[in-house]
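Just so you know, we're using the working numbering here: the sequence shown kicks off at 483 and counts up by one. Even glycine gets a Cβ: it sits at the ideal position worked out from N, Cα and C.
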Amino acid sequence: FAGKLCVPAMNVNDSVTKQKFDNLYCCRESVLDGLKRTTDVMFGGKQVVVCGYGEVGKGCCAALKALGSVVSITEIDPICALQACMDGFRVVKLNEVIRQVDVIITCTGNKNVVTRDQLDRMKNGSIVCNMGHSNTEIDVASLRTPELTWERVRSQVDHVIWPDGKRVILLAEGRLLNLSCSTVPTFVLSITATTQALALIELYNAPEGRYKQDVYLLPKKMDEYVASLHLTTFDAHLTELSDEQAKYLGLNKNGPFKPNYYRYSSAKCCN
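As structure tokens, then:
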């Protein structure tokens, strides 16, 4: 309760093998699984707004673009917004397009990304769902008022009905779509679980004094080890550095191969 850690902790969520794989590739597949299972809607030509172009948003956009949806992005971060532009997506303000949108998917981890005022202005039959980190992104509480009628259509699917008969389809009551309405690919879960297990082993076996009562990222060498364990599934064969090449780059032949500040770009996966 003092706001201080009593033991060392490993921040697995921000490790490369969690963020760049679970957040991106898992969401790229599970977002479509969840949407199809719940709505059976055809997404070719649909106007879709994805709120947030982080790893989760990138995965969702790649999947929806592949189906032929017309995808737009909302963003607060100019770097992520520029990535979205370079990947061929329009960056918009939700208020400016809200009346034309067929589907809204939130991927920000923020709160009240979709407000009651915006939900009031959405057209009949539009779909609203959340792929973000928590259930705070859609202001669901504002929809639980006497003038609106909730109709449970099937498991995890509610029609919220306005007095004029307009219906908005809300999935999983604003909770995470992929955890509530779809299956999650086991291969990606294997990567994340391996990352978590190695983090625990590292903390348990570390000599006294290596880690203080603080939060640490997974060592780069371990991230690379997690990735190497999963390469055999694809019959992938890594190229090995020669002694001369390793010396030229100033690297150990066995890694780590990138500095801690290196960001493994994933924008190209959406092309």
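For residue 726, the uninterrupted alpha helix (DSSP H) run begins and ends at 725-731, by DSSP. At a cut-off of 4 residues, the continuous stretches assigned as alpha helix (DSSP H) that sit fully inside the region 633-665 are 659-663. Fully enclosed beta strand (DSSP E) runs of no fewer than 3 residues occupy 697-699 of the region 666-711, in order along the chain.
In the same chain as residue 731, and ignoring 5 residues on each side of it, the C-beta atoms closer than 8 Å to its own belong to 723, in chain order. The Cβ-Cβ distance between residue 589 and residue 656 does not fall below 9 Å. Rounded to the nearest whole angstrom, the CA to CA distance from residue 492 to residue 498 is 13 Å. A direct Cα-Cα distance of roughly 50 Å separates residue 663 from residue 729. Here residue 505 has 536, 537, 538, 541 as same chain residues with Cβ atoms under 8 Å from its own Cβ, once five neighbours each way along the sequence are excluded. For residue 554, the enclosing beta strand (DSSP E) starts and ends at 552-556.
For residue 499, the enclosing alpha helix (DSSP H) covers residues 498-501. Listed in chain order, the non-local C-beta contacts of residue 571 below 7 Å within the same chain comprise 543, 553, 554, 555, local neighbours out to five positions each way being set aside.
Under the three-state reduction of DSSP output, residue 489 falls in the coil class, being neither helix nor strand.
Boundaries cannot be given for residue 508, as no alpha helix (DSSP H) includes it and DSSP labels it neither H nor E.
With fewer than 16 other CB atoms across the displayed protein chains lying within 10 angstroms of its CB, residue 744 is exposed. Here residue 708 is buried. Its C-beta has 16 or more other C-beta atoms within 10 Å.
For residue 582, there is no enclosing alpha helix (DSSP H), as DSSP marks it with neither H nor E. Secondary-structure assignment with DSSP links residue 612 through a beta bridge to 588, 658. For residue 626, the closest alpha carbon among the candidates 605, 617, 635, 598 is that of 598. The continuous alpha helix (DSSP H) containing residue 538 extends over residues 537-548. Note that the region 630-640 does not touch the region 667-682; fewer than 3 beta-carbon pairs, one per stretch, sit closer than 8 Å. In this structure, residue 701 places its C-beta atom within 9 Å of the C-beta atom of residue 738. Secondary-structure assignment with DSSP links residue 533 through a beta bridge to 556, 588. Comparing alpha carbon positions, the residue from 699, 746, 736, 705 closest to residue 490 is 699.
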